[in-house]
Amino acid sequence: MSAISRFRARLISFELDASDGVQMVHIEDGVLSLSGSKIAGVQSTAEYLGQGGDIEACEDLRPALIMPGFIDTHLHAPQYRIMGAFGTRLLDWLEKYAFPAELAFADAQYAAAEAEHFVNTMLANGTTSSQLFTTTHAHTCDALFAAAAKRNLCLIAGKVMMDQNAPSGLLSAAEVCARETQTLIDRWHHRGRAAYALTPRFAITSSERQLDYCRGLRQANPTVLVQTHLSENPEELAEVSRLFPGAKDYLDVYESYNLLGPSSTFAHCIHLSDGERSRLFDSQSKVAFCPSSNLFLGSGLLDVAEIPWDNFSVASDVGGGTSLSMLTTCAEAYKVCQLKNRTLHPYELLYAATAGNAKALSLEQEVGQLKEGFWADFIVVDAEHDIALRKTNWGLEHLEGALFSLIMFGGRQNILRTYVAGELVHGGAS
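The numbering used here puts the first residue of the sequence shown at -1, with every later residue one more than the last.
Okay, structure coming up:
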């Protein structure tokens, strides 16, 4: 750990009050103290000095902000290099770009190198916790967990489960996939800061036999999470209906195999019926709002106003999404919501990307806020660098306006440093 464990800066984090909505916790001149890998104190500089604190022992980062590291609830690590691939919608995009990119991960050395690169790039964007898809290759999952473990990073991941409707090099028989998945669970689930998520890609690529194995794996390992896709694209819905004629709707495919629940994240959920929406929310399942990829692939506009905070998260969805930056993702979220007559306040956007996403992944007692006893996962942010109109933001108070400008115009270039478990993992002295 760095010899300096106290930092002076503007401190901000966000929380949800049951009666007052999302609130910002703000200390204009504060001291963040660390003890090993955890946060030991969050206080104003005046309080720190009043308790006999040595201001010379603090690294002065003003006027930068310190805030919790970002959390991303849905993305595809192996698709990072195909961001921005031109000109198709979801099912064609998978065939033309995503599946070929994932086939390259059959090479274990390539998979290991890409895991290191991806984790470093994620940290450079200020993301310190994530839930992500790997590929159908078990060694890709191993490589990403290993890369995260080296940095004491909070990572939820799973081997993609596919046994139909994809290139043969990405398919594995349901029973083989189940055995490999159980081995990965035994190896990684709750080892350090890792957790395993059962990862059927989506209903189109999983047979009923594979979904039945998935149900059995969840019963045998009740603390694992579940991540998949739901109701992203109209053509996808039609294909699911064709493949599962006995299902009453798309959600029923997953529901029939007991894959809903508080630890389940369903990405997209754009085209749900009222009945599906009610059942999904009643099960306490989570929706991952993926604004960038929904726009890029022309999938549709999610009606966020229909989703309770307890069921909501926001995600980059790289590589359909076009940036690993959660600031950029929040900017896209704002625009989508404007088109659906829902205006998201900058506090709501930043809450979603930090404490809200932590809650969606059942990590709200560990990460997502600057609080004593939480993991020291935080970022140092330059809220002015290369931001247009940073001096004035009409209609908001000064700090609200600065944060809104940061969301609208900021990105990776604004992340000066990233700390994970108290360790500097990106950036440093200028």
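Even for Gly, the Cβ is constructed at its ideal location relative to N, Cα and C.
These numbers were taken from a predicted model, which means no experiment stands behind them.
Query	Result
Restricting to Cα atoms, I'd like to know which of 406, 239, 148 is closest to residue 113.	148
Should residue 58 and residue 4 be called a contact, given that it needs their Cβ atoms to be closer than 7 Å?	no
What are the start and end residues of the alpha helix (DSSP H) that includes residue 357?	355 to 358
Kindly indicate which residue of 111, 175, 201 has the alpha-carbon position closest to the one of residue 241.	201
Is residue 53 buried or exposed, if buried means 16 or more other CB atoms sit within 10 Å of its CB?	exposed
Could you check what DSSP says for residue 68 in three-state terms: helix, strand or coil?	strand
Nearest-angstrom Cα distance between residue 313 and residue 328?	9 Å
Within 8 Å, do at least three Cβ pairs link the segment 275 to 282 to the segment 59 to 68?	no
Given that a residue counts as buried once 16 or more other Cβ atoms are within 10 Å of its Cβ, and exposed if not, what is residue 166?	exposed
Would you call residue 420 buried or exposed, if buried means 16 or more other Cβ atoms sit within 10 Å of its Cβ?	buried
Since residue 22 sits in a beta bridge, which residues does DSSP pair it with?	12
For residue 129, count neighbouring C-beta atoms within 10 Å of its own C-beta (all shown protein chains included) and say buried if the count is 16 or more, exposed if not.	buried
Counting C-beta neighbours from all protein chains within 10 Å, is the total for residue 15 16 or more, i.e. buried, or is it exposed?	exposed
Give me the residue from 376, 78, 264, 399 with the minimum Cα distance to residue 425.	376
Can you tell which of 187, 177, 234 has its C-alpha closest to the C-alpha of residue 212?	177
Give the DSSP-derived three-state secondary structure of residue 430 in the structure shown.	The structure shown does not extend to residue 430, since the chain is modelled only from -1 to 428, so the question has no answer here.
From which residue to which residue does the alpha helix (DSSP H) around residue 422 run?	Careful: residue 422 lies outside any alpha helix (DSSP H), inside the beta strand (DSSP E) at 421 to 425.
Under a three-way DSSP split, which group does residue 306 fall into?	coil
What would DSSP say about residue 77, mapped onto helix, strand or coil?	helix
Output needed for residue 38: all residues of its chain with C-beta closer than 7 Å, excluding positions within five of it in sequence on either side, in chain order.	31, 32, 370
Do the segment 261 to 269 and the segment 216 to 229 touch if we need at least three Cβ pairs shorter than 8 Å?	yes
Do you know offhand how far residue 339's Cα is from residue 298's?	15 Å
Let's test the definition: count the other Cβ atoms within 10 Å of the Cβ of residue 429 and tell me whether it reaches 16, buried, or not, exposed.	Within the shown structure, residues of the chain are numbered from -1 to 428, placing residue 429 beyond reach of any answer.
Under a Cβ-count criterion, where at least 16 other Cβ atoms within 10 Å of its own Cβ denotes burial, should residue 189 be classed as buried or exposed?	exposed
For residue 63, list the residues DSSP reports as bridge partners.	8, 379
Look up residue 432 in the DSSP assignment and say whether it is helix, strand or coil.	The first residue shown for the chain is -1 and the last is 428, placing residue 432 beyond what the model contains.
Tell me where the alpha helix (DSSP H) around residue 407 begins and ends.	396 to 407
Just reading off the beta strand (DSSP E) that residue 265 is part of, what are its end residues?	262 to 266
Quick one: is residue 251 buried, meaning 16 or more other Cβ sit within 10 Å of its Cβ, or exposed?	buried
What number of angstroms, rounded off, separates the C-alpha of residue 236 from the C-alpha of residue 247?	10 Å
To the nearest angstrom, how far is it from the Cα of residue 125 to the Cα of residue 224?	21 Å
CB-CB under 8 Å to residue 8, same chain, minus the five flanking residues each way: which ones, in chain order?	24, 25, 26, 27, 28, 60, 61, 62, 63, 64
Count the C-beta pairs between the segment 398 to 406 and the segment 99 to 106 that are closer than 8 Å, then say yes if the count reaches three, no if not.	no
In angstroms, rounded to a whole number, what distance separates the CA positions of residue 356 and residue 249?	24 Å
In whole angstroms, what separates the C-alpha of residue 323 from that of residue 67?	11 Å
Do you know offhand how far residue 40's Cα is from residue 185's?	36 Å
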